[in-house]
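S.K.:
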């Protein structure tokens with residue numbers, strides 16, 4: 001059965017895995033593990049090992065790590081520090097650095113370009129731009145003054161860019177990034193983006209990190225054409241948080257559940273294909289172009305962008321008690 | 001059957017009327033008329049005449065006029081002028097002014113307080129505050145220089161306020177308005193607010209005007225406690241545009257349709273009560289706190305706030321070729 | 001000599017005092033004291049005791065406390081907490097509460113309305129609105145759930161409002177506040193506003209608190225008509241930070257110094273009156289409507305609004321380790 | 001006498017020319033002409049023809065055209081259209097296109113990258129980013145659908161980018177642009193930037209266009225390293241509007257005038273060198289980091305960005321009655 005039979009609109013590998021497992025049981029070529037980290041935080045890892053598995057999952061081979069933290073968007077300064085640290089740890093592991101440098105207590109001396117994808121003007125899509133706003137940018141200081149400016153400690157060269165979306169620039173993100181990467185020669189790129197989830201309970205409570213770059217059509221805007229090592233020229237780590245669910249998705253899911261419920265109770269007249277078709281027929285085309293988002297999305301984006309930029313600051317510049325401040 | 005049996009989450013009287021008519025045929029005490037105005041614009045009027053009808057409709061007696069214009073949120077300067085003019089005409093008719101003054105070509109010399117309800121920081125709820133930003137405010141000029149400042153023409157005293165939502169102020173809107181009205185003595189109040197609709201196709205394409213004030217729980221925030229002549233002290237005209245649909249509403253509607261479709265086709269085993277209960281059981285509690293909104297909500301709010309402030313400027317200050325400019 | 005001979009454009013009593021002392025020595029009816037508080041923080045107090053002194057100082061009788069902290073706008077989370085605490089201490093002393101309640105470690109159970117004066121859309125004038133954005137608002141929670149919502153501890157009723165400036169509302173601030181105070185009955189009002197200083201070195205580094213309310217023409221906007229106990233109906237504490245200097249002021253000051261320098265060195269031909277006139281003649285009328293502000297004013301306003309809202313939160317709600325979070 | 005003797009902090013060639021002419025009379029190698037265009041609009045042209053003249057003027061050889069329109073920042077929709085048209089005409093003349101294509105009524109089929117320089121977060125520096133926000137971007141549409149999408153008319157490929165300032169990105173603008181230009185191959189680049197003037201009366205009322213690119217240190221931020229054909233790879237047209245004057249500049253100018261006035265009247269004891277030194281000594285170092293800007297800078301930037309983006313839309317896409325709308 002091909003991918004198109006699964007109109008799963010999700011940017012989370014974890015959700016594709018859940019769906020696939022539910023439908024077909026264990027999938028060959030996909031490794032999955034889950035680990036609680038205290039305070040309700042759960043870290044899951046999906047590794048897609050083969051091309052066949054990649055096809056079934058509808059996303060490229062590679063490692064997808066998900067941090068789920070139910071309280072992520074609630075206000076509690078201390079807790080966020082925990083998640084920032086968790087994020088920093090996982091990110092450091094994923095960076096293309098030597099084994100010794102994967103320890104967060106070790107200094108790091110790499111050159112990283114952080115890319116804030118999405119549209120600054122549309123709140124649920126503004127996560128990437130806002131994270132870049134909060135980053136501790138060091139490249140220009142190191143270029144001008146050297147390590148002297150940082151008491152001779154090991155400091156990574158951090159640069160950042162908010163390329164904008166195609167409707168604003170007329171250019172593909174990949175065109176802008178390829179150019180900037182060629183000129184400024186970072187060791188790797190980290191993209192930050194708002195994602196679409198399938199399950200509303202994940203909105204604002206989940207961070208996905210992957211070493212595969214970003215697949216086309218991700219996010220709620222149209223960041224077209226893959227950003228990955230092949231297209232950009234250096235390794236691309238992608239970090240994202242789901243902030244929206246497609247309106248059509250939640251309706252479709254609800255209807256599927258309903259049909260299942262009715263079938264089980266008293267009819268069982270419809271087979272799965274018929275059920276899907278019925279549900280699709282009834283799906284209003286007016287749902288296109290609509291998304292579902294939490295009422296407090298403005299506050300969520302503010303908090304999430306702080307949490308993630310802290311995580312990036314710690315991963316790239318080391319674990320100091322104080323990051324960049326507010 | 002009481003109101004609570006209809007968990008219709010809509011701020012549009014037109015939608016309540018549609019639903020009621022569908023379920024029960026014509027409702028006594030509710031008058032309804034519809035009139036096309038060219039360019040696809042349709043103006044409908046719902047008049048609730050009796051207390052019984054008010055109960056059935058779940059909203060107070062009075063007149064509710066709705067302007068529907070499918071292209072309202074698309075970009076076309078000329079077209080918006082049309083809608084602004086239509087809005088101004090209807091508004092002028094609804095104002096508590098003399099019959100002679102209802103003619104838009106006549107000058108007007110009233111004192112109006114425009115209230116931008118909602119939360120400036122949450123895009124789909126920011127319509128009211130943004131409209132007040134674009135108004136042509138004259139009260140302070142007239143108070144200081146008199147009509148001399150306007151070439152001795154008749155000019156209304158226009159004042160405006162953005163009271164904020166209760167979570168920001170700790171006060172009910174009605175407390176703030178009652179105080180401000182007592183001190184500044186406007187002839188009437190016009191509130192502007194973002195509304196919730198039931199039908200996604202109305203998002204950003206419908207303007208409702210009513211002479212009944214605003215009923216509790218309207219809008220997407222919690223503008224609690226009615227704003228009307230009784231509570232505020234002067235007549236309250238309310239103007240609103242739906243910008244969101246509750247996530248639970250679209251799912252519930254979809255499921256109801258599905259059940260109906262299945263019943264009709266091959267079972268008819270469930271009566272209406274059973275169908276509603278089934279649909280309610282399956283409704284995820286996680287949908288609470290989520291809303292559905294167009295992807296281009298930021299642009300929509302910008303355009304709508306311009307269109308509506310123009311309508312208000314024309315209604316209150318007369319039909320000059322140029323309003324306040326950009 | 002009357003006030004008008006001193007075209008001192010400053011909202012800081014401290015600067016009026018400095019100028020007066022420089023020109024005439026000690027002024028009767030004005031008491032002045034200064035106290036270092038560590039970390040470079042200096043707290044000065046000007047008390048205007050008589051009507052004559054009020055005339056000479058060009059501002060009403062009362063107490064004016066100034067916190068000067070050179071590093072206030074630099075980034076250092078810990079330091080700001082110090083200033084917030086200092087601000088809370090001074091503010092608690094100034095509140096119209098019983099002697100016992102002036103101790104910051106004591107709970108407080110008053111009802112306070114915080115007013116963010118100024119224009120949210122003009123960065124250097126946005127301090128007041130931004131402070132209200134960051135406050136911990138409790139009035140609506142206490143009204144609905146009582147002290148139960150706060151573990152039965154003593155909690156003040158805090159409400160907040162951003163009335164807007166007259167060009168936006170058509171109303172005087174005093175009209176809005178008088179109305180809101182009558183309806184909501186706070187024990188006192190605290191206004192927060194951006195101020196104009198005379199000396200550029202005070203920009204963003206000074207907080208003034210006074211129990212006299214706000215005098216007309218203060219701030220960079222036109223918040224006309226005094227806000228004080230007489231006009232508003234309850235005591236008015238005013239808190240402000242200078243964010244701009246009039247362009248004409250810095251030029252005038254520079255020219256005065258230059259004339260003095262030249263006179264002293266080789267001419268002494270001009271007496272003071274002639275000097276002032278010369279300087280005034282040369283003052284370009286084009287300087288009207290211009291102000292001088294730091295290049296990083298956007299960051300400064302962000303930090304200052306956080307610092308001040310923290311100070312207010314601590315003063316009104318007690319000294320908990322965590323205020324409202326981010 | 002070298003450039004450094006003239007600490008003229010201005011980005012306007014017109015002001016350098018005025019100062020030079022005042023001090024030394026006509027300068028060899030600089031051609032100057034001025035032409036009124038009605039409605040108080042004046043267009044002046046400074047052409048720097050030789051390397052010596054470039055040295056004296058402190059800016060590269062090339063053509064600098066200035067549009068002065070006293071009413072530019074006032075509200076009057078019709079008038080702005082005039083200026084947008086004037087701007088479009090001058091810009092079309094300056095573009096590296098064939099002679100036939102310099103006629104504004106002719107279609108144009110070039111590929112242009114518009115660069116919004118400056119810092120979006122600092123109001124007086126936000127002109128460039130805001131202009132790009134309002135542009136009619138076509139490149140992605142033409143790339144996907146060809147001219148078919150525009151009724152087969154000649155349409156230029158317009159792309160836009162807001163690179164951010166070095167403190168936000170860690171990269172020089174020139175690095176970003178060089179990369180983007182290499183990847184996307186525009187025929188030329190047009191930069192838009194906020195400038196510093198010397199004379200306050202030019203703030204917000206003057207547009208400068210030049211075919212020389214941008215010289216280092218221009219603007220109020222630090223857009224370092226020249227952007228020109230040599231560094232970027234294609235011709236660079238620069239467009240700017242002064243939005244600030246250095247605080248030190250207005251004070252220094254005022255003092256110089258004062259000294260001149262005093263010298264002429266009764267002393268003449270100081271020669272020019274002594275005067276300058278005196279004035280410099282008295283210049284407060286605290287003026288560094290401060291700028292002078294109009295009180296209504298937020299409104300000015302909004303209007304100017306609209307006016308300029310309209311001018312760019314007309315120049316690149318032809319003179320249609322309606323540009324992009326609001």
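Protein chains in written order, with the working numbering: chain A, 1 to 326; chain B, 1 to 326; chain C, 1 to 326; chain D, 1 to 326.
Ideal placement from N, C-alpha and C gives every residue a C-beta, glycine not left out.
Note the first and the last residue of the continuous alpha helix (DSSP H) segment covering residue 53/C.
M.R.: Note, residue 53/C: alpha helix (DSSP H), 51 to 57.
S.K.: What residues in the segment 136 to 157 of chain A bring their beta carbon closer than 9 Å to a beta carbon of chain D?
M.R.: Residues passing the 9 Å Cβ filter: 137, 138, 139, 140, 141, 142, 143 and 157.
S.K.: Can you say whether residue 64/C is buried or exposed, counting buried as having 16 or more other CB atoms within 10 angstroms of its CB?
M.R.: Buried: at least 16 other Cβ atoms inside 10 Å.
S.K.: Can the beta-carbon of residue 334/C be found less than 8 Å from the beta-carbon of residue 117/C?
M.R.: This structure gives no information on residue 334/C, because the portion of chain C shown stretches from 1 to 326.
S.K.: Using a Cβ-Cβ cutoff of 8 Å, what residues of the segment 283 to 309 of chain C are near chain B? List them in chain order.
M.R.: Those residues of the segment 283 to 309 of chain C that come within reach of chain B (Cβ to Cβ, closer than 8 Å) do not exist; the list is empty.
S.K.: Looking at residue 242/C: is its Cβ nearer than 8 Å to the Cβ of residue 206/C?
M.R.: Contact flag set, yes.
S.K.: Using DSSP bridges, identify the partner residues of residue 64/B.
M.R.: Bridge partners of residue 64/B: 46/B and 210/B.
S.K.: Going by alpha carbons, who is nearest to residue 227/A out of 181/A, 250/A, 185/A and 259/A?
M.R.: The shortest C-alpha separation from residue 227/A is found at 181/A.
S.K.: Could one say the Cβ of residue 223/D lies closer than 8 Å to chain C's Cβ atoms, at least one of them?
M.R.: Note that residue 223/D has pLDDT 45, beneath the 50 cutoff, so the model's placement of it is unreliable and no number is given.
S.K.: Buried or exposed: which applies to residue 199/A, given that a residue is buried once 16 or more other Cβ atoms fall within 10 Å of its Cβ?
M.R.: It is buried - the Cβ of residue 199/A has at least 16 other Cβ atoms within 10 Å.
S.K.: Given a cut-off of 8 Å, decide if residue 93/B and residue 46/B are closer than it, judged by their beta-carbon atoms.
M.R.: No, the Cβ-Cβ distance between residue 46/B and residue 93/B is not below 8 Å.
S.K.: Go through its chain and collect everything with a Cβ distance to residue 30/C's Cβ below 8 Å, but skip five positions before and after it.
M.R.: Taken in chain order, the residues that qualify are 17, 20, 46, 47, 48, 49, 53, 56 and 57.
S.K.: Could you name the residues that DSSP lists as bridge partners for residue 36/A?
M.R.: 42/A, per the DSSP bridge assignment.
S.K.: Quick one: is residue 15/C buried, meaning 16 or more other Cβ sit within 10 Å of its Cβ, or exposed?
M.R.: So residue 15/C ends up on the buried side.
S.K.: Quick one: which unbroken beta strand (DSSP E) runs of 3-plus residues sit fully inside the segment 154 to 208 of chain B? Chain order, please.
M.R.: Segments of the beta strand (DSSP E) lying fully in the segment 154 to 208 of chain B: 157 to 161 and 188 to 197.
S.K.: Along the chain, where does the alpha helix (DSSP H) that runs through residue 317/D open and close?
M.R.: Here the alpha helix (DSSP H) through residue 317/D covers 297 to 317.
S.K.: So the alpha helix (DSSP H) residue 98/C belongs to, where does it begin and stop?
M.R.: No alpha helix (DSSP H) holds residue 98/C; DSSP gives it neither H nor E.
S.K.: Taking just the CA atoms, how far does residue 153/A sit from residue 61/C?
M.R.: Taking the straight line joining both Cα atoms gives about 56 Å.
S.K.: In angstroms with no decimal places, state the Cα-to-Cα distance between residue 171/C and residue 161/C.
M.R.: Distance between the alpha carbons of residue 171/C and residue 161/C is about 15 Å.
S.K.: Quick check on DSSP: helix, strand or coil for residue 124/B?
M.R.: Residue 124/B: helix per DSSP, three-state reduction.
S.K.: Going by DSSP, name the residue or residues bridged to residue 238/A.
M.R.: Looking at the DSSP assignment, residue 238/A forms a beta bridge with 191/A and 210/A.
S.K.: For residue 84/D, I'd like the list of residues in its chain whose CB is within less than 7 Å of its CB, leaving aside the five on either flank, ordered along the chain.
M.R.: Cβ within range, chain order: 307, 310, 311 and 314.
S.K.: Excluding sequence positions up to five away, which residues of its chain have a Cβ less than 7 Å from the Cβ of residue 10/A?
M.R.: For residue 10/A, where only same-chain residues beyond five positions count, the Cβ hits under 7 Å are 16, 196, 197 and 198.
S.K.: Comparing the C-beta of residue 159/B with each C-beta of chain C, is any distance below 8 Å?
M.R.: Yes - at least one Cβ of chain C is within 8 Å of the one on residue 159/B.
S.K.: Between the beta-carbon of residue 237/B and the beta-carbon of residue 209/B, is there less than 8 Å?
M.R.: It is a contact, given that the beta carbons lie within the stated cut-off.
S.K.: Please list the terminal residues of the continuous alpha helix (DSSP H) segment that includes residue 13/B.
M.R.: Start and end: 13 to 24.
S.K.: So what's residue 152/D in DSSP terms, helix, strand or just coil?
M.R.: The answer is coil: DSSP assigns residue 152/D none of H, G, I, E or B.
S.K.: With 8 Å as the limit, tell me which residues of the segment 163 to 196 of chain A have their beta carbon closer than that to any beta carbon of chain D; keep them in chain order.
M.R.: Result list: 163, 164, 166, 167, 168, 169, 170, 171, 172, 175, 176, 178, 179, 180, 181, 182, 183 and 184.
S.K.: Taking just the CA atoms, how far does residue 167/B sit from residue 132/C?
M.R.: In a straight line, the C-alpha of residue 132/C is about 11 Å away from that of residue 167/B.
S.K.: Residue 303/B and residue 114/B: beta carbons closer than 8 Å?
M.R.: Taking 8 Å as the Cβ cut-off, residue 303/B and residue 114/B do not qualify as a contacting pair.
S.K.: Within 10 Å of its beta-carbon, does residue 96/A have 16 or more other beta-carbons around it, so buried, or fewer, so exposed?
M.R.: By the neighbour-count rule (16 or more Cβ atoms within 10 Å), residue 96/A is not buried but exposed.
S.K.: Where does residue 293/B sit, in a helix, a strand or coil, going by DSSP?
M.R.: Strand at residue 293/B.
S.K.: How far does the alpha helix (DSSP H) with residue 141/C in it extend, from its first residue to its last?
M.R.: Here the alpha helix (DSSP H) through residue 141/C covers 139 to 145.
S.K.: Using a Cβ-Cβ cut-off of 6 Å (strictly less than) and excluding sequence neighbours within five positions of residue 316/A, which residues of its own chain qualify?
M.R.: Once the five neighbours on either side are set aside, the close Cβ partners of residue 316/A are 112, 156 and 158.
S.K.: Just curious, the alpha helix (DSSP H) that residue 232/C is in, first and last residue?
M.R.: Where residue 232/C is concerned, the enclosing alpha helix (DSSP H) stretches over 229 to 232.
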